[in-house]
Structure formats: structure tokens, C-alpha cells
Amino acid sequence: MKFLNIELMNVYQTELEFEHWIAVTYQVPILKNEYTVNLLVIMDFEIKDKAVLEYMIKEWRYRDLVRHSCQMYIMENKEF
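Numbering-wise, UniProt numbering puts 70 at position 70 of the sequence shown, and it's gapless, one number per residue.
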């Protein structure tokens, strides 16, 4: 999986946590196109460092992106 862009879109503070909405653009060899997905990361503190965001996406949310790419592969190769 090749990450093309990881960008913090919005941070919302609630009573208990910070909601970080992150746009991730990625590409994998099995897909015809690149895809951008919006991921939600909830933490007790606000993350401002881009390196921390990239680490969290690549390590913590990698499984979600693999699942998304498998679903997109099925959709791209589905015969109607």
C-alpha cells in the first residue's frame, strides 16, 4: 500500500475527547484508481504533529484501509 497523502481535515473537541477527521489518499497495485477515505481518530488530546498522524494511520488504521481496498477491488471487478 502506498500512501499518497495524509491530511488532517478537522478537529472537534467534545466534553470527553478530541475527534480528528483525517483524509487519507492511498493506492494499491490491485486497484485501478487511487482512493481517498476519511478516517475518524478519537484521542484524549489534540494531535498537531503531522508525523504522529502519519504514524497513527500507518500503524493503527492500516487494517481498515486494507479492508476498504478489498471492498473497492470487489466493486471494480464486479460484472453487472
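Backbone N, C-alpha and C define an ideal beta-carbon position, used for all residues, glycine too.
What's the gap between the Cα of residue i and the Cα of residue j?
{"i": "asparagine 5", "j": "alanine 23", "result": "8 Å"}
{"i": "tryptophan 60", "j": "asparagine 10", "result": "19 Å"}
{"i": "histidine 20", "j": "leucine 39", "result": "8 Å"}
{"i": "tyrosine 62", "j": "glutamate 15", "result": "28 Å"}
{"i": "lysine 58", "j": "phenylalanine 45", "result": "19 Å"}
{"i": "tyrosine 12", "j": "lysine 48", "result": "13 Å"}
Please state if the CB of residue j and the CB of residue i are separated by a distance shorter than 8 Å.
{"i": "lysine 2", "j": "tyrosine 26", "result": "yes"}
{"i": "glutamate 76", "j": "isoleucine 42", "result": "no"}
Ordered along the chain, which non-local residues of its own chain (more than five positions away) have a Cβ less than 6 Å from that of residue i?
{"i": "lysine 32", "result": "Glu76"}
Helix, strand or coil, according to DSSP, for residue i in the structure here?
{"i": "glutamate 59", "result": "helix"}
{"i": "leucine 31", "result": "coil"}
{"i": "isoleucine 42", "result": "strand"}
For residue i, tell me which candidate among the options has the shortest Cα-Cα distance.
{"i": "threonine 36", "options": "Ile47, Asp64, Ile74, Lys78", "result": "Asp64"}
By Cβ distance below 8 Å, which residues in the same chain neighbour residue i in space, the five residues on each side in sequence not counted?
{"i": "isoleucine 30", "result": "Ser69, Tyr73"}
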